[in-house]
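Notes to accompany the following structure.
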Amino acid sequence: MSSDITTQPSAVARQAVERLRDAGLYGPGDAVLSVRDLNVRFNSENGVVHAVRSVDFDLMAGKTLGIVGESGSGKSVTSMAIMGLLPETADISGSVRFKGQELLGLGDKAMCKHRGSDIAMVFQDPLSSLTPVYTVGHQIIEALTVHNPGMSSRAKEARAVELLAMVGIPSPQARLKSFPHEFSGGMRQRVMIAIAIANDPRVLIADEPTTALDVTIQAQVLEVLHAAQEETGAAVVMITHDLGVVAGMADDIMVMYAGKPVETGTVEDIYYRPRMPYTLGLLGAVPRVDTSQKSSLVPIEGTPPNLIKPVTGCTFADRCPLVTDECRTAEPALLPVVDGVTAGGGAHRAACIKSGALVDVDAHRIFHAPPVPVSKFDGVPRDERATVLELKDVKKHFPLLKGSLFKRRIGTVKAVDGLSFDIREGECLSIVGESGCGKTTTLLEIMEFHPDQVGEVVIGGVSNKAATDGKTKQAMRKEMQMVFQDPTGALDPRFTVYEVLAEPLENLGYPKDAIRKRIMELMKLVGLQPDHVNRFPNQFSGGQRQRIGIARALAVNPKLVVLDEPVSALDVSVQAGVINLLDQLRAELGLSYLMVAHDLSVVRHISNRVAVMYLGRIVEMGDVDQVFDNPRHPYTRALLSAIPVPDPELERTRERIILQGDLPSPLDAPQGCNFATRCPVFAALPQAKKDKCLTLEPPLVSEEAQQFACFFPDGEIDADMLVVHA
Amino acid sequence: MTNLIDTVAEVDEARAADVVIGKGRIIFRRFMRNKTAVTGLAIFLGLFAFSLFGGFLTTWDKETIDPLNIGMGPSPEHLLGTSQAGIDLLALVVEGTRVSIFIGLIVGGLSVLISAVYGCSMAFFGGKVDSVMLFILEALIMMPAILVVAVATSGGGQSLKELPSWLLLIAVLLFFSWMGTARLVRSLAMSLMQRDYVKAAKYMGVPSMRIVRRHLVPNIGSLLVLDFTRGITGAILAEVAFSYIGIGIKLPDVSLGVLIGGATWQVSSFPWMFWVPLTVMFLLTGSLAMMNDGLRDAFDPTSTSIGRAKTKKKSK
Numbered sequence: 001m002s003s004d005i006t007t008q009p010s011a012v013a014r015q016a017v018e019r020l021r022d023a024g025l026y027g028p029g030d031a032v033l034s035v036r037d038l039n040v041r042f043n044s045e046n047g048v049v050h051a052v053r054s055v056d057f058d059l060m061a062g063k064t065l066g067i068v069g070e071s072g073s074g075k076s077v078t079s080m081a082i083m084g085l086l087p088e089t090a091d092i093s094g095s096v097r098f099k100g101q102e103l104l105g106l107g108d109k110a111m112c113k114h115r116g117s118d119i120a121m122v123f124q125d126p127l128s129s130l131t132p133v134y135t136v137g138h139q140i141i142e143a144l145t146v147h148n149p150g151m152s153s154r155a156k157e158a159r160a161v162e163l164l165a166m167v168g169i170p171s172p173q174a175r176l177k178s179f180p181h182e183f184s185g186g187m188r189q190r191v192m193i194a195i196a197i198a199n200d201p202r203v204l205i206a207d208e209p210t211t212a213l214d215v216t217i218q219a220q221v222l223e224v225l226h227a228a229q230e231e232t233g234a235a236v237v238m239i240t241h242d243l244g245v246v247a248g249m250a251d252d253i254m255v256m257y258a259g260k261p262v263e264t265g266t267v268e269d270i271y272y273r274p275r276m277p278y279t280l281g282l283l284g285a286v287p288r289v290d291t292s293q294k295s296s297l298v299p300i301e302g303t304p305p306n307l308i309k310p311v312t313g314c315t316f317a318d319r320c321p322l323v324t325d326e327c328r329t330a331e332p333a334l335l336p337v338v339d340g341v342t343a344g345g346g347a348h349r350a351a352c353i354k355s356g357a358l359v360d361v362d363a364h365r366i367f368h369a370p371p372v373p374v375s376k377f378d379g380v381p382r383d384e385r386a387t388v389l390e391l392k393d394v395k396k397h398f399p400l401l402k403g404s405l406f407k408r409r410i411g412t413v414k415a416v417d418g419l420s421f422d423i424r425e426g427e428c429l430s431i432v433g434e435s436g437c438g439k440t441t442t443l444l445e446i447m448e449f450h451p452d453q454v455g456e457v458v459i460g461g462v463s464n465k466a467a468t469d470g471k472t473k474q475a476m477r478k479e480m481q482m483v484f485q486d487p488t489g490a491l492d493p494r495f496t497v498y499e500v501l502a503e504p505l506e507n508l509g510y511p512k513d514a515i516r517k518r519i520m521e522l523m524k525l526v527g528l529q530p531d532h533v534n535r536f537p538n539q540f541s542g543g544q545r546q547r548i549g550i551a552r553a554l555a556v557n558p559k560l561v562v563l564d565e566p567v568s569a570l571d572v573s574v575q576a577g578v579i580n581l582l583d584q585l586r587a588e589l590g591l592s593y594l595m596v597a598h599d600l601s602v603v604r605h606i607s608n609r610v611a612v613m614y615l616g617r618i619v620e621m622g623d624v625d626q627v628f629d630n631p632r633h634p635y636t637r638a639l640l641s642a643i644p645v646p647d648p649e650l651e652r653t654r655e656r657i658i659l660q661g662d663l664p665s666p667l668d669a670p671q672g673c674n675f676a677t678r679c680p681v682f683a684a685l686p687q688a689k690k691d692k693c694l695t696l697e698p699p700l701v702s703e704e705a706q707q708f709a710c711f712f713p714d715g716e717i718d719a720d721m722l723v724v725h726a
Numbered sequence: 001m002t003n004l005i006d007t008v009a010e011v012d013e014a015r016a017a018d019v020v021i022g023k024g025r026i027i028f029r030r031f032m033r034n035k036t037a038v039t040g041l042a043i044f045l046g047l048f049a050f051s052l053f054g055g056f057l058t059t060w061d062k063e064t065i066d067p068l069n070i071g072m073g074p075s076p077e078h079l080l081g082t083s084q085a086g087i088d089l090l091a092l093v094v095e096g097t098r099v100s101i102f103i104g105l106i107v108g109g110l111s112v113l114i115s116a117v118y119g120c121s122m123a124f125f126g127g128k129v130d131s132v133m134l135f136i137l138e139a140l141i142m143m144p145a146i147l148v149v150a151v152a153t154s155g156g157g158q159s160l161k162e163l164p165s166w167l168l169l170i171a172v173l174l175f176f177s178w179m180g181t182a183r184l185v186r187s188l189a190m191s192l193m194q195r196d197y198v199k200a201a202k203y204m205g206v207p208s209m210r211i212v213r214r215h216l217v218p219n220i221g222s223l224l225v226l227d228f229t230r231g232i233t234g235a236i237l238a239e240v241a242f243s244y245i246g247i248g249i250k251l252p253d254v255s256l257g258v259l260i261g262g263a264t265w266q267v268s269s270f271p272w273m274f275w276v277p278l279t280v281m282f283l284l285t286g287s288l289a290m291m292n293d294g295l296r297d298a299f300d301p302t303s304t305s306i307g308r309a310k311t312k313k314k315s316k
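Chains as they are written, first to last, in the UniProt record's numbering: chain A, 1 to 726; chain B, 1 to 316.
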């Protein structure tokens, strides 16, 4: 990091910065990219939004900087400002220098020389960042042509093949001719990375490159990014909201809040010695997948400040449990941490007046994390509890038809293929797996509760086979309610909160007074202010909307709540509050949950039991600690090892299983074990044993409190699929 | 990204009283906040009152000829002058406005109703019903409306001739006005059926018809209201256009279109005959357009008029 002067907000210091800038003297000489006092303002209907406020950083060649923050913290705007991709209406001031050359203020044409050759970017959504009408090869070659007009077309094609091979796309020569829709999401993101590194950029900006991907694919893509960095020696700016993703990759971290860096330092500084309450809270808000952590998560109450209003004090003051009057007088500067523990050098900086006093504090204590709620069912053995939901050999097959006039059945998609499990009172069962494994279909089949369903669904003693009339169905609806993934889409935008919550009650014919009373109760139950009932959903934040969704599900006092990715659309700090709420409600009301989630850390935190699904079948099921600590099925092992852990040391040294390829389409599901095509154990087996996997379908066998479907649960893992970063 | 920022402003100001405000009132308040829309509404109501009670402004009616004042300009006796036949123009305009508004309201209202029912049914039933209904709809769009109007109002059988010309025009206009909206409603309803909140209601056990009524129709509702006001404008303009070329309303029935049509070729000699009905028509369609804008704001939950409301309450 640069000299101390730059971070002083006083007028004198500003002048000093300007002087140094004019002399070209600031910043270490070997920084490829140095950003000084970057400010971005947008004009909006309501006033000027100060989206990025005095961001400073230096990026050294070959190093990785992680920018971490919640949505709206200005991390993406910072990257767009560096790339010069912000709309002309944005007011950008400060300085962005690439190898000492000023980039801000360059015209679009001049900027184009840098974009894609010196500085390249990988975007978040691989589905929309490739043009669907051109082949992948065309798009890679386009990137090459723009910056190397003299290159021969044969050389360009050779380079494109080389690039595709570098990012791990099988048979690259043939794949050049493929269109983006022929690739899966993970493959497209690889192509994006190939395009980004096509011209050997010095700086690679990755804006949430893995957020839209499954965990196993995320692990692959992170691996590719890592390889790409090693190959090109580029400096990487990694923008993410996931503290786990950057832990293993980044060298330095910058935590942003309300448009401003609030803490910067090396990974170790940030993860092991955070000195800003916000960072402390963020780290405590993330559940861990690697340890059985039976304490509540750290909730950060409130919402980030509105950046239209001028900042008077510390931006985090309203949400900070340690706030004092002093915090509100002036915005604290980003100063080197002096606490006697941090190694000197001034690289670790925090914008908190109390940073020196935050040595060895417990985030759970300062953020008043609620105690772990105890349910009345906790002491009762599982066998003695009543069954709330039971599935017996449930199947959902979709016929695949071909032909326009006469439809021929050419195959069957087995979305759900023989699922059996049960949920007891007061317990949470989570179904995990990659997208496309059939977990959502399972939920929908249960919710539909159709008598024609193949297999039997029993809810609260009522079987779907008996649910031929409306009354039985209505009775079942009272037992089971659902919380949706997207809190915005699940609430009718034209309903006030009152109407949203009244709907299920009205449906059951509650009198008006009772509805009113119940709604006030519900608002308190989920931690919302009762006087908010007259508002429309769009007047709430994402976390509050999800609370409304939960309140609606609880309105009729169901025994079982089905949760479809209940927190995946929420920010980390908000997510913790919702998870705590779900935990507390389960204990207080004796609820059972059936949850579908892709975030295994959340699953480990909230559930008692877990079922791992692969291609429509359960491959492993059991108590959550048992399965997570001692996974038997190779798929579970791979899935668990793909989750990044927010602990840099552990993340750098642990072994990871990187699965090859994507989830095969359920259409061409193999004959024997479904997983054989990607199985790391299978790959290492001798040929004689391989035949068994390829011909026989492994049944679900029980061992203690765990069931799994694998012939070789303790097999060696193929060395090619194991990766250790050193 | 933005939702966090948006809500912050409102969280501070959320110290409202603990009363349940009806949604109708919220929409009404939002509409009343839009000055242009309120002006539009006032003009429209004024014209409506004028068409009903304007007759009391003059002692003449639209059938009595004043032989002493033929083709005279505005005077104390005839406030807006007289036609070349010596009929009081004010009486004619009052009658014409009433007929135009009448046609507009009936055609606008009924066509919205037809398109809502037709469109929602297509989306709700889907499959074969949808394709057959869609085919009929497309066929109707292809039909040349102007020819049918001409045949129905001038040719036609004896039985058609006995009907008053305005009734005939209403029927024909209605027949050709609902297809576009119906198609719009269909696509909108189809996308709404896929929303999570519709699913949520389904899983709560809410009956299908109730879901359509509570979730589909209100979410299409703002479109329907907007289409109602737009439909009125459209019908009035269509009536004026048809009457102008002589195939719409026929004398002795009077409408704004008939008055404008009859006066165009003598603008220089009888300017009041032309400008008065034309102004009334502009006021009518203009006020509806102004209202339309305000209604959109009032119905749209994401409109900025929420913000304005908060600042107003604060200043009180």
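The C-beta atom is built at its ideal place from N, Cα and C for all residues, glycine as well.
These figures come from a predicted structure and were not determined experimentally.
For the region 187-206 of chain B, the set of residues with a beta-carbon nearer than 9 Å to any beta-carbon of chain A comprises 195, 196, 197, 198, 199, 200, 201, 202, 203, 204, 205, 206, in chain order. The criterion of a C-beta distance shorter than 8 Å is satisfied by residue 64(A) and residue 238(A). Closer than 8 Å to the CB of residue 219(B) there is at least one CB belonging to chain A. Residue pairing by DSSP places residue 621(A) opposite 611(A), 707(A) in a beta bridge.
The beta-carbon separation of residue 655(A) and residue 724(A), rounded to 5 Å, stays under the 8 Å limit for a contact. The C-alpha of residue 267(A) lies about 11 Å from the C-alpha of residue 652(A). With contacts defined as CB atoms closer than 8 Å, residue 367(A) and residue 281(A) qualify as a contacting pair. Residue 516(A) is not a Cβ neighbour of residue 528(A), given a cutoff of 8 Å.
Proximity of the region 594-614 of chain A to the region 177-187 of chain A falls short of the contact definition, fewer than three beta-carbon pairs being nearer than 8 Å. By the rule that beta-carbons nearer than 8 Å mark a contact, residue 575(A) does not touch chain B.
Just measuring C-alpha positions, the residue of 659(A), 118(A), 82(A) sitting nearest residue 722(A) is 659(A). Counting only runs of 3 or more residues that sit fully inside the region 416-489 of chain A, the beta strand (DSSP E) segments are 428-432, 454-459, 480-483, in chain order. Counting along the chain, the unbroken alpha helix (DSSP H) around residue 271(B) starts and ends at 271-299.
Residues of the region 482-512 of chain A with a C-beta less than 7 Å from any C-beta of chain B: 482, 484, 486, 489, 490, 491, 492, 493, 494, 496, 498, 503, 504, 507, listed in chain order. With respect to chain B, the C-beta atom of residue 447(A) has a partner C-beta closer than 8 Å.
Under the Cβ criterion of 8 Å, residue 477(A) is counted among the residues facing chain B. A distance below 6 Å between beta-carbons, with the five flanking residues on each side excluded, links residue 73(A) to the following residues of its chain, in chain order: 256, 257. Contact with chain B is absent for residue 707(A), since none of that chain's Cβ atoms lies less than 8 Å from the residue's Cβ.
Any Cβ of chain B closer than 8 Å to the Cβ of residue 218(A) would place that residue at the interface, and such an atom is absent.
Secondary structure in the region 676-704 of chain A: the alpha helix (DSSP H) runs of 4 residues or longer, each lying completely within the stretch, are 680-684, 687-695 in chain order.
In the structure shown, residue 261(A) falls within a strand segment according to DSSP collapsed to helix, strand and coil. When secondary structure is reduced to three states using DSSP, residue 122(B) falls in the helix class. No residue range can be given for residue 347(A), since it is assigned to no beta strand (DSSP E) and is classified by DSSP as neither H nor E. For residue 102(A), the three-state secondary structure derived from DSSP is strand. Residues of chain B whose Cβ lies closer than 7 Å to the Cβ of residue 124(A) do not exist, since the nearest Cβ in that chain is about 11 Å away.
Of all C-beta pairs linking the region 38-52 of chain A to the region 292-303 of chain A, fewer than three are shorter than 8 Å, placing the two stretches out of contact. In this structure, the CA atom of residue 145(B) is about 7 Å from the CA atom of residue 176(B). In the DSSP assignment, residue 716(A) is bridged to no other residue. In the three-state reduction of the DSSP assignment, residue 50(A) falls in the strand class. When secondary structure is reduced to three states using DSSP, residue 134(A) falls in the coil class, being assigned neither helix nor strand. Counting along the chain, the unbroken alpha helix (DSSP H) around residue 269(A) starts and ends at 267-272. Straight-line measurement puts the Cα of residue 320(A) at about 14 Å from the Cα of residue 283(A). Counting other Cβ atoms within 10 Å of its Cβ, residue 557(A) stays below 16 and is therefore classed as exposed.
One finds 205 in chain B with Cβ atoms closer than 7 Å to the Cβ of residue 473(A), taken in chain order.
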